[in-house]
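Heads up, the numbering used here is the position in the sequence shown plus 2, with the first residue counted as 1.
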Amino acid sequence: MRRVLTVLLLGGASVAIHAEPEGQLLERLQRLGEHSPQRALQRFNALPAPVGTEQRRAWALARAVIATGGTNDADEAAAAAAAVTAAEAIAPSLAEADKHFLQALKTDQAGSGQAGTLARQALAGYEAWCQSREPVCEFPQRFRMLELLGRQAWMQRSVADANLYAKQAWALAEAAGQPGRQALAQSQLALSAALTEQRAESDRHMKLALELANSSGDAEISARVAIAEALTLDAFGEPGRALRALHRALAAATAADARRLVIVVQANLADVALHAGQPTLALESAEAGLRAAKEMHDGRIERVLLANRLVARVRVGQTVDARSEVDVLLAAWSADRDIGSQLALLRAYGDALEAVGDLDGALAAYHRERELAQQPMRGSRSHAITDLESRNEVAAQRQRIEALERDNDLKAAELQSRALVEQFLMLSGAAVAIALLVLAPLALRVRRGNAALTHSQRGLRMLSERDPLTRLANRRYMHQLLQARTRSANGFRGGLLLIDIDHFKQVNDHHGHSAGDAVIVEVARRLQATLRDDDAVARWGGEEFLVLVPVGATSGEVARRVLQAIAGEPMPLPGGAEMRVTVSIGHADLPLSDEPMLVTLETAVHLVDKALYRAKALGRNRAVGVHHSNAASNASLRKQVEEFDGACQDGRVQLHVQCGPNVAG
3 MRRVLTVLLL
13 GGASVAIHAE
23 PEGQLLERLQ
33 RLGEHSPQRA
43 LQRFNALPAP
53 VGTEQRRAWA
63 LARAVIATGG
73 TNDADEAAAA
83 AAAVTAAEAI
93 APSLAEADKH
103 FLQALKTDQA
113 GSGQAGTLAR
123 QALAGYEAWC
133 QSREPVCEFP
143 QRFRMLELLG
153 RQAWMQRSVA
163 DANLYAKQAW
173 ALAEAAGQPG
183 RQALAQSQLA
193 LSAALTEQRA
203 ESDRHMKLAL
213 ELANSSGDAE
223 ISARVAIAEA
233 LTLDAFGEPG
243 RALRALHRAL
253 AAATAADARR
263 LVIVVQANLA
273 DVALHAGQPT
283 LALESAEAGL
293 RAAKEMHDGR
303 IERVLLANRL
313 VARVRVGQTV
323 DARSEVDVLL
333 AAWSADRDIG
343 SQLALLRAYG
353 DALEAVGDLD
363 GALAAYHRER
373 ELAQQPMRGS
383 RSHAITDLES
393 RNEVAAQRQR
403 IEALERDNDL
413 KAAELQSRAL
423 VEQFLMLSGA
433 AVAIALLVLA
443 PLALRVRRGN
453 AALTHSQRGL
463 RMLSERDPLT
473 RLANRRYMHQ
483 LLQARTRSAN
493 GFRGGLLLID
503 IDHFKQVNDH
513 HGHSAGDAVI
523 VEVARRLQAT
533 LRDDDAVARW
543 GGEEFLVLVP
553 VGATSGEVAR
563 RVLQAIAGEP
573 MPLPGGAEMR
583 VTVSIGHADL
593 PLSDEPMLVT
603 LETAVHLVDK
613 ALYRAKALGR
623 NRAVGVHHSN
633 AASNASLRKQ
643 VEEFDGACQD
653 GRVQLHVQCG
663 PNVAG
């Protein structure tokens, strides 16, 4: 659940008037309000009314920020309206920025995906207002929005955006001379560097963040920086050190009486404890955090804790309790159109089921994750143009345009051919001498037009059967080929291999989608170079490939060559970098026994899909072949596929495992 756990890593909002006692008081009250809103509001309401337009606006906005963390919606709405009214007395544009600022805080706390949009609107409004003013104009609000945007970018693995917002936050905090907020910005830069596995760069930023946090003398700042330190350590595969950093964060947050921050630490403790192989600690931390989160009415952190508790329950054997919570969490994130959190939950849930031996449940979670990942990442029509600009969609769109152009060429060729034939018929009644002179060239043009028509039809057919990125056959063509083979052989016969690139999402997350595309293209190239002329290969979907080998060939031998071809040498990435890529393979040669038996195409594909998942469960970079089955009919084989784990255990299905390069056993 790495993606959804970086909640409230950075500092809380404050509307301080720099170097003035009133401003310092407002900041203290807001920080108290982040953890105990009712206490903060009681103290705030006891203060004398401010004097002056600017002070009234600062106080009204501070009170609205505190009310955002409370439970009284009517009081919150009234405080927000009062803040906007106070800002309107200064300028309508400032009032609009304040409105977006408060809305961003509220939606972020609720876990809504709209928080980023509102934060960008608020930030743009403040920056426009501050153009002719001092560099640190509206500093607390701008810094808070940059933090929110930076955190969201980090969770979405958008390295460039995360870096940009963190650098802007650092420059703003440096101009304001606030070491605590400089520490927070540096910790965000360390997290961004960890996304791209730049260990030295991440350590450099984190060292500076820790030094600045210590110099600030602020226990809450130290706790937040320690959380970021733990996340970077966990990202670099050091969960033990990450747990120690989180225990320091918990002590600092407790000393600062920062109740909400304590909950955040417990959420991250649960997550890292799972990675460290301590599910009992994870469950205890999640339960403790949930009790406090419900009291704080913080839906965002509560969902994260529920997800961590769910995974921890599976790891300690409470699978039934966990299963009832999955759909509830997925529905909550689906309502916010947060596909990323849904994918992270399904992935963590599936991994946990796999770890405790529930391979059927893990396979079901894997299929749900894969199905969800293929859906559009944004549901609203307003994002359709942005979605269309993704690399694969652009390629598909280009293919459609080319197909339309070719279709136009076909129609033009048909019209031209028809016109030439009509000319031919008209002239056929003329004198023989004239016909010999005129019709011969026309007949040649007709012949050429028909040839062009045939060529265009062939090209259009080829376009409809090819994957635009790899130029391999696409799923549609392969499915037609498999159906034809199945019909002609009275059931499926031959070898079938389903190949999946291991940890492909990490390639996209750490290196970008252009690198992911480069890996897919290179895997396709190596597959083509490895297979024989009578083998057929297609891009089956995403990072999956399907290979069909003829009867008499051995799918196990093909799998061995593919494992070596893919993992044997590093793959080039855009920019000159290289990385090692491995694949997992499920395969079978059908029929599986000497008994005459009709195997349907659906059963054959599901069988190798189950074998592929077993290869993933065994550690990836390997091939699992279904060597034998005692099934005497397609129905009994289909039942074995449905009960694959049990069928393997009781000997009804026998497997053969091959490891890829650099894998022992």
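The beta carbon of each residue, even a glycine, is placed where N, CA and C say it ideally should be.
- With a threshold of 16 other beta carbon atoms within 10 Å, ASP236 meets it and is buried.
- In this structure, DSSP gives VAL316 a helical state, which the three-state scheme calls helix.
- In this model, ALA649 and THR321 are separated by some 22 Å (Cα to Cα).
- For LYS108, the number of other beta carbons within 10 angstroms of its own is at least 16, and it is reported as buried.
- Annotation for CYS132: no beta strand (DSSP E) segment contains it, and DSSP assigns it neither H nor E.
- Put simply, the backbone Cα of ALA634 is about 16 Å away from that of LEU603.
- For the options VAL267, ALA66 and GLY319, the alpha carbon positioned closest to that of THR282 is the one of GLY319.
- Considering only GLU297, CYS139 and TRP61, the residue with the shortest C-alpha distance to ARG45 is TRP61.
- Shown here, LEU483 sits in a helix according to DSSP, grouped into three states.
- For HIS277, same chain residues with a beta-carbon under 7 Å away, outside a window of 5 residues either side, are ASP236 and PRO241 in chain order.
- Nearest to GLY518 by C-alpha distance, out of VAL525, ALA526 and VAL509, is VAL509.
- DSSP lists ALA590 and LEU657 as the bridge partner or partners of VAL628.
- Looking at the DSSP output, ARG468 sits in a beta bridge with ALA475.
- Between ALA42 and ILE68, the C-beta spacing is below 7 Å.
- Taking the C-beta atoms as reference points, GLY496 is found nearer than 7 Å to VAL553.
- Collapsing the DSSP output to three states places PHE646 in a helix.
- Sequence-distant partners of ALA275 (beyond 5 residues in either direction) whose C-beta falls short of 6 Å from its own C-beta, in its chain, are LEU283 and ALA284.
- Annotation: the continuous alpha helix (DSSP H) that includes GLU213 extends over 201–218.
- Contact check for TYR128 against GLN111 fails: the beta carbons are separated by 7 Å or more.
- In this structure, ALA171 sits near LEU148, with a CB-CB distance shorter than 7 Å.
- Shortest Cα-Cα distance from GLU356 to any of TYR615, ALA83, SER638 and CYS132 involves TYR615.
- CA-CA distance, ALA83 to GLU56, rounds to 16 Å.
- Around the beta carbon of SER218, 16 or more other beta carbons lie within 10 angstroms, which makes this residue buried.
- Looking at the backbone, the Cα of GLY543 and that of ARG372 are separated by about 10 Å.
- Between HIS513 and the set PRO574, VAL564, LEU550 and VAL539, the nearest pair of CA atoms involves PRO574.
- In the DSSP assignment, GLU546 is bridged to ASP502 and GLY543.
- DSSP places VAL583 in no alpha helix (DSSP H); its state is neither H nor E.
- By the beta-carbon neighbour count (other beta carbons within 10 angstroms, threshold 16), ALA333 is exposed.
- Counting of Cβ neighbours within 10 angstroms places ASN664 among the exposed residues, the total staying below 16.
- At a Cβ-Cβ threshold of 7 Å, LEU498 and ALA606 count as neighbours.
- Measuring C-alpha to C-alpha distances from ALA230 to each of ALA221, GLY239 and ALA244 identifies ALA244 as the nearest.
- Less than 7 Å separates the beta-carbon of TRP156 from that of LEU193.
- Residue pairing by DSSP puts ALA538 in a beta bridge opposite LEU550.
- A contact between stretches requires three or more CB pairs, one per stretch, nearer than 8 Å, and the stretch 522–529 fails this requirement with the stretch 477–496.
- For MET147, the secondary structure class from DSSP, reduced to helix, strand or coil, is helix.
- Taking GLN642 as the centre and dropping the five residues before and after it, the same chain places the C-beta of SER631, ALA633, ALA649, ARG654 and VAL655 closer than 8 Å to its C-beta, in chain order.
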